[in-house]
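Anchor point for the sequence shown: position 64 equals 64 in the numbering used here, and the numbering is continuous, going up by one each time. Note that CB positions come from ideal geometry on N, CA and C, so glycine has one too.
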Amino acid sequence: GEHRRSYETVLPLATDLGLTVDTSCKRNKVHCVAKAVNDYDGPGNILISWRHRKMRELVQALGYDDAPEYPDDRFDLIWTIPFPYDNITDIRSEDCPVLDIPEELTVEL
Numbered sequence: 001g002e003h004r005r006s007y008e009t010v011l012p013l014a015t016d017l018g019l020t021v022d023t024s025c026k027r028n029k030v031h032c033v034a035k036a037v038n039d040y041d042g043p044g045n046i047l048i049s050w051r052h053r054k055m056r057e058l059v060q061a062l063g064y065d066d067a068p069e070y071p072d073d074r075f076d077l078i079w080t081i082p083f084p085y086d087n088i089t090d091i092r093s094e095d096c097p098v099l100d101i102p103e104e105l106t107v108e109l
């Protein structure tokens, strides 16, 4: 369905932690996600896996007006946005070989 890639991204972690993945917001409905985040009153952090082309809009919906554009050619960046969600305090990659860091092309003759 429309959440398949995002769902499959977080499912292994959610399974390991015994958590349920919330897929209640439709694909491009960033205000739905922002509302779910702002309404959350449970313990711990919130992990959002979303379309990278919508990340800036989502962060703006949370209240950070000066959010950067998420790079079109990156799928590995993690933005840390602590409560009250008005600033990105960290942007990093897990730097997974082959997945996040392209290997140089080698040709054997």
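Task: Local conformation of G1 per DSSP, three classes - done: Taking the first residue of the sequence shown as position 1, residue 1 is located at position 1. Residue confidence for G1 is low, a pLDDT of 48 falling below 50, so the modelled location carries little weight; the figure read from the coordinates is stated next. Three-state DSSP puts G1 in coil, outside helix and strand.
Task: Exposure label - E57; buried when at least 16 CB within 10 Å - done: To locate residue 57, count along the sequence shown from 1; it is residue 57. Under this definition E57 is a buried residue.
TODO: Take the Cβ of I78 as the centre, count every other Cβ of all protein chains shown within 10 Å, and call the residue buried at 16 or more, exposed below.
DONE: Walking along the sequence shown from the start, residue 78 turns up at place 78. Under this definition I78 is an exposed residue.
Open item on the list: Per the DSSP calculation, D86 is bridged to which residue(s)?
Closed with: Residue mapping note: residue 86 aligns to position 86 of the sequence shown, counting from 1. Answer is none; D86 lacks a bridge partner.
Task: At least three beta-carbon pairs within less than 8 Å, the segment 21-31 to the segment 53-68 - done: yes
Task: Per-residue DSSP class, three states only, for T80 - done: Position 80 of the sequence shown, counting from 1, holds the residue named residue 80. T80: strand per DSSP, three-state reduction.
Task: Cut-off 8 Å between Cβ atoms - residues of its own chain near D86, not counting five sequence neighbours on either side - done: For the purposes of this step, residue 86 is taken as residue 86 along the sequence shown, with counting starting at 1. So the list reads L62, G63 and Y64, once near-sequence residues are dropped.
Open item on the list: Looking at V37: is its Cβ nearer than 9 Å to the Cβ of V21?
Closed with: As a first step, residue 37 must be located in the sequence shown, where it is residue number 37. As a first step, residue 21 must be located in the sequence shown, where it is residue number 21. Result no, Cβ atoms of V37 and V21 do not sit closer than 9 Å.
TODO: Excluding the 5 residues preceding and the 5 following I88 in the sequence, name in chain order all residues of the same chain whose CB lies nearer than 8 Å to its CB.
DONE: In the sequence shown, counting from the first residue as 1, residue 88 sits at position 88. Within the same chain, I88 has close Cβ partners V59, Y64, A67, P68, W79, T80 and I81.
- [ ] Would you mind reading off the limits of the alpha helix (DSSP H) that contains N38?
- [x] Walking along the sequence shown from the start, residue 38 turns up at place 38. Unbroken alpha helix (DSSP H) run through N38: V30 to D39.
Open item on the list: Determine whether the beta carbon atoms of D39 and R53 lie at a separation below 9 Å.
Closed with: Here residue 39 refers to the residue found at position 39 of the sequence shown. Here residue 53 refers to the residue found at position 53 of the sequence shown. The answer is no: Cβ separation not under 9 Å.
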